[in-house]
Amino acid sequence: MLSPQIIDLLIKGLVDTLHMVAVSGVIGTLIGLPIGVLLAVTGRGELLQSFAFNKVMGAVVNMTRSTPFIILVVAIIPFTRLVAGTSIGTTAAIVPLTVAAAPFIARVVENAVREVDRGLVEAAQAMGATPFQIIRKVLLPEALPGIVSGLTLSAVSLIGYSAMVGAVGGGGLGDLGIRYGYQRFLPEVMLAVVVVLIVLVQIVQSTGDLIARRVNKRNLKS
Amino acid sequence: MITLTNLHKTYAARGGGAPVQALADIDLSIARGEVFGIIGRSGAGKSTLLRTVNLLETPTSGSVMVDGVEMTALSAGELRRARHSIGMIFQHFNLLSSRTVFDNVALPLELAGTPKADIRRTVEPLLDLVGLADKRNRYPAELSGGQKQRVGIARALASKPKVLLSDEATSALDPETTTQILHLLADINRRLGLTIVLITHEIAVIKEICHKVAVMEGGRVIEQGPVFDIFAHPQHPTTRSFIDPVINRGIPDSLRDRLSHQPAPGSTPVLRITFTGEKATTPVISAISRRLDLDLNIWHGQIDEIQGAPFGTLVVEALGDGAKVEAAMALVRENNLGVEVLGHALPANH
């Protein structure tokens with residue numbers, strides 16, 4: 001069985017993972033959500049059509065998303081040091097995680113907002129709504145179920161990414177699995193890490209699904 | 001109330017094709033309190049035309065006057081304020097699925113910055129008006145199509161508009177629900193004196209509630225006028241094709257087979273007599289047979305009601321010589337009824 005020390009390590013790893021995922025998820029959402037909305041409303045024929053903004057922002061988002069995460073972690077070390085004051089440890093790992101999460105979230109939000117029926121935007125325009133009002137009162141509430149599903153997907157991806165930040169001493173469950181399970185040949189640690197990750201992802205997914213169902217008023221049984 | 005003058009709308013085609021002319025030479029005048037119908041087949045430009053009234057579509061050239069304001073000259077902010085006095089309802093209702101019935105109706109007021117207490121005071125009577133007071137906390141997904149459109153109507157009325165634009169509002173509804181919604185619109189028009197502009201491809205909608213009608217084809221208005229006049233004397237073939245199915249100006253196929261355009265030996269003329277308005281009850285048939293000693297064989301007859309006025313047609317075969325038939329037609333005209341020679345009936349054994 002697992003020794004108390006290993007159990008302590010598992011708990012610390014879980015806390016570190018949760019810490020990294022939560023902080024990068026929240027900051028990533030704060031950055032990604034507005035970018036996603038802007039990407040959606042500046043598209044061709046949309047509310048605030050702006051070809052230049054849409055292309056430039058789209059390119060920036062794609063650049064980040066096409067860089068493999070492990071490369072991104074290493075490539076932005078100078079930036080990480082600038083923001084976090086260090087390039088090693090859990091706090092430092094939050095920087096690349098956020099940089100990866102924000103564009104991911106921007107794309108899922110963009111998709112969710114694009115799914116909103118054009119007729120609703122037209123109805124709001126006919127009522128004399130400003131573009132900002134249309135975003136706040138129509139697009140965001142109507143896209144909310146899609147946004148919640150997208151954020152759930154992002155959280156699960158972040159849990160996966162967080163396993164790689166051990167490369168820069170980020171800690172967390174993934175790092176524990178690599179260092180103890182793989183490098184020290186402790187298969188029971190590896191197994192424990194995998195089980196904890198599976199349970200964690202299940203909880204995140206189920207919670208996200210539940211919230212998405214709750215906020216979705218589109219398929220109500222009367 | 002609404003005056004459209006010399007309106008044109010041209011879309012630049014994608015991919016360098018020829019530009020598409022959506023509206024051309026539109027001149028319409030809609031009086032306060034009128035229910036004005038615009039009918040046309042899909043692609044005729046009626047939807048584009050309706051959207052120029054609240055400038056959801058910007059005309060390429062021409063003038064859009066609503067309640068004395070030139071809409072095309074307004075700034076973005078002024079236009080948004082002007083839109084508060086123009087309500088709009090849609091074929092697919094366009095309700096927010098995330099909001100309850102009450103909150104959907106409250107939306108235009110929220111957008112205008114109305115205080116909460118005032119919103120409640122405005123929305124509750126509207127829900128009573130459309131008969132949905134008991135559904136106020138339901139979501140659109142829990143409602144039937146007719147109920148959704150009632151919410152749409154209540155929402156459109158929330159900002160106390162002077163004009164209501166209806167974009168195929170009954171096209172997604174079954175016939176019974178359509179009738180209910182049309183009655184509601186007619187009722188609102190009478191009670192609130194609201195000017196209603198509606199577009200439809202269903203002539204029954206025009207017949208049911210409109211005072212005036214414009215017929216569109218290829219981006220142009222090909223005919224317009226009071227509904228009764230257009231129904232009684234359609235000029236354009238497209239107008240006739242809309243009207244014929246509902247008021248059956250035609251004759252049954254079995255009789256049509258015996259009809260020829262040219263007189264033939266032994267043929268007898270077939271007349272169509274049109275009764276309109278209060279003259280619809282003139283006993284002209286018996287007058288002809290008595291005074292002119294001319295027998296009329298009645299082929300087909302129909303009486304309809306358009307906008308509350310009777311309208312009828314009678315197709316008769318005149319069994320007499322040319323002079324008597326001429327005299328009979330003159331007698332019909334003297335009584336201010338319409339008459340035309342539909343064709344010539346060949347003998348039955350021909």
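As you go down the protein sequences, you meet chains A and B in turn.
The opening residue of the first sequence carries number 1 in the UniProt record's numbering; numbering runs sequentially from there.
The opening residue of the second sequence carries number 1 in the UniProt record's numbering; numbering runs sequentially from there.
We put the beta carbon where it would ideally sit given N, CA and C, even for glycine.
Item	Value
Three CB pairs or more closer than 8 angstroms across the segment 88-106 of chain A and the segment 55-74 of chain B	no
Residues of the segment 132-155 of chain A with Cβ closer than 8 angstroms to any Cβ of chain B, in chain order	Q133, K137, V138, P141, E142, L144
Beta-bridge pairing of R272 (chain B) - partner residues as DSSP gives them	B:V315, B:E340
Contacting positions in the segment 101-134 of chain A - beta carbon closer than 8 angstroms to chain B	D117, G119, L120, E122, A123, A124, Q125, A126, M127, G128, A129, T130, Q133
Whole alpha helix (DSSP H) elements within the segment 49-117 of chain B, 4-residue minimum	76-83, 101-111
Within the segment 143-201 of chain B, ranges of the beta strand (DSSP E) (whole runs, at least 3 residues)	163-167, 195-200
I310 (chain B) in three-state terms, based on DSSP	At residue 310 (chain B) the sequence reads Pro, which differs from the Ile that was named. Looking at P310 (chain B) - three-state DSSP - the assignment turns out to be strand.
7 angstroms Cβ cut-off: residues of chain A touching Y139 (chain B)	K217, L220
Contacts of E110 (chain B) in chain A (Cβ-Cβ under 8 angstroms)	K137
Straight-line gap, K135 (chain B) to V101 (chain B) (C-alpha atoms, nearest Å)	7 angstroms
Spatial distance of V332 (chain B) from V339 (chain B) (CA atoms)	7 angstroms
CB of A156 (chain B) within 8 angstroms of CB of I89 (chain B), strictly	yes
Cβ of E142 (chain B) within 8 angstroms of any chain A Cβ	yes
Beta-bridge pairing of D304 (chain B) - partner residues as DSSP gives them	B:F311
Residues that H92 (chain B) contacts on chain A, provided the C-beta gap is smaller than 9 angstroms	D117, G119
Buried or exposed by the 16-neighbour rule on C-beta atoms within 10 Å, applied to K46 (chain B)	buried
C-beta neighbour in chain A for R83 (chain B), strict 8 angstroms	yes
Own chain partners of I199 (chain B) with C-beta closer than 8 angstroms, once the 5 adjacent residues on each side are dropped	G37, I38, I39, G40, K46, S47, L49, L50, S166, D167, E168
Residues, ordered as in the chain, of the segment 35-54 of chain B that lie near chain A by beta-carbon distance below 8 angstroms	N54
Chain B within 8 angstroms of G208 (chain A), Cβ atoms only	no
Three-way DSSP call (helix, strand, coil) for M216 (chain B) in this model	strand
Contact with chain A by S171 (chain B), beta-carbon distance below 8 angstroms	no
Separation of F231 (chain B) from S254 (chain B), as counted between CA atoms	25 angstroms
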